[in-house]
Structures are given as C-alpha cells and as structure tokens.
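Data block below; observations after.
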Amino acid sequence: MNEIRISIYRTEDTTLLEHGYIQIYTGDGKGKTTASLGLALRALGHGWKVLVIQFTKGDSGTTYGEIASAGKFLKNLEVHQFGMDRVVYKHNVCMEDYKEAKKGWELAKQAIQSGEYQLVILDELNICVAMNMIKVSEVKDVLLNKPESLEIVLTGRYAHPELVALAHLVTEMKPIKHYFDMGVMARQGIEY
-9 MNEIRISIYR TEDTTLLEHG YIQIYTGDGK GKTTASLGLA LRALGHGWKV LVIQFTKGDS
51 GTTYGEIASA GKFLKNLEVH QFGMDRVVYK HNVCMEDYKE AKKGWELAKQ AIQSGEYQLV
111 ILDELNICVA MNMIKVSEVK DVLLNKPESL EIVLTGRYAH PELVALAHLV TEMKPIKHYF
171 DMGVMARQGI EY
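Okay, so the sequence shown: first residue is -9 according to my numbering, each after it adds one.
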C-alpha cells in the first residue's frame, strides 16, 4: 500500500490579479456555496484576503462549518452572515429578511470598493435579487464599478438574466440525482 503525504504550506504571495472576473454559480443543484468556498480555500493558499458575505443565512456561528472553521484555521478569511436562523423561501420572507439583506449589501458595497480583498464571495445574493430584497440595478452598478483586480463570485438559485449577461463565468448546478429525494435531510459537515 502506498502512503500519500500532503505538505501544506502558506505562501505570502498576495500578487493582485491583472484582471478579476465576475463568476456566478446558480441552479437547482447542490454545490453552489461549496464551489465558492473551494475557490476561497484556493485563494487563501496563495495568501489572498478573502471575504464571504452570506445572505439569507444566520445562526449563532456553530451551525455552519465554514463559519466555525474561518475563526479557527483561516487567518485571511472573513465570513459575515446576514439573515435569520432558517432557510428563506419565497413564501416565508419577512421584513427582517429585507433588513438583514440590506445590511449585508451595505457591507458588500464597502468591501468591494475598499481594495482590501482579492476575492469577495456574495453567497446567496442571487436569492436576494430574485426576491427583490436588493435591486438588480444596484448590483449591476457595483459590479460594473468594481476594482479591476477584484474577483467576485455570486451564488444562489435564480440568477437574474441581467447579472448572467454581465458575468464572465456562469455555472449552472443541475441535479441529476440527490439523496434528499430519498428523504435524507441536510447533514452537518456536508451541507452545512
């Protein structure tokens, strides 16, 4: 049996991208947030400073594994949540959801223009736009005026066609088969 050894090192190479792009991960399939966090991990490995703003997600900081690990292991990763401690659907949106989305969006706008980050992930922003919590025109304006070297990722179902047209990379997650259909609920460490 062969032994595999992995050496983990942290590089201090924080070279700015010549050109940062806009990416969208959307669709009904699993993996949108997961893919964006994988990209964050890769960027962190190159010494980048990464900001993740999670819309429509909120808890005490113990439910989501990415929140728990950010503070423990990842020095250059900031994660902020703006939402209630529940899943948001079109039928259960309340005024507090709108308030939380607006707070998250204000932080996102400031962070994008700050020049402090090389990667900003706006997790579930597509949902906020689809539910009219944040205006698509505001998002377009911010994306069109982002710093040249900043990479931005938007995740969530229902990506707005105007944002899709603006993005440089769009990936649609499509479910082929999912254990949820067999009654398996979201599992800690896998889905959150």
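We treat Cβ as the ideally placed atom computed from N, Cα and C, and that holds for glycine.
Note that the structure is a prediction, hence the values are computed from the model and not measured.
{"Check": "So for G37, helix, strand or coil by DSSP?", "Outcome": "coil"}
{"Check": "Can you tell me where the alpha helix (DSSP H) with M175 in it begins and where it stops?", "Outcome": "Run containing M175: none; DSSP gives neither H nor E here."}
{"Check": "What's the C-alpha gap between E68 and H150?", "Outcome": "26 Å"}
{"Check": "Which residue's Cα is closest to the Cα of Q108: N116, L140 and L115?", "Outcome": "L140"}
{"Check": "How many Å lie between K164 and N66 at the Cα?", "Outcome": "31 Å"}
{"Check": "Bridge partners of V69, per DSSP?", "Outcome": "V42"}
{"Check": "Can you give me the Cβ contacts of Q13 inside the same chain, cut-off strictly under 6 Å, excluding the 5 residues immediately before and after it?", "Outcome": "V143 and L159"}
{"Check": "In three-state terms, what does DSSP make of Q108?", "Outcome": "coil"}
{"Check": "Per DSSP, what kind of secondary structure is G55 in: helix, strand or coil?", "Outcome": "helix"}
{"Check": "For a test of the three-state rule: what should DSSP assign to I166, helix, strand or coil?", "Outcome": "coil"}
{"Check": "Determine which residues share a DSSP beta bridge with Y79 and list them.", "Outcome": "BP columns for Y79 are empty, so no partner."}
{"Check": "Around the C-beta of A176, are 16 or more other C-beta atoms found within 10 angstroms, so that it is buried, or is it exposed?", "Outcome": "exposed"}
{"Check": "Just verifying my parser: in three-state terms, what is the DSSP assignment at E138?", "Outcome": "coil"}
{"Check": "I'd like the list of long-range same chain contacts for M192, defined as Cβ closer than 7 Å, with 5 residues on each side in sequence excluded.", "Outcome": "Shown here, the chain extends from -9 to 182; a query on residue 192 therefore has no answer."}
{"Check": "Since I12 is in the beta strand (DSSP E), which residue starts that stretch and which ends it?", "Outcome": "I12 to G17"}
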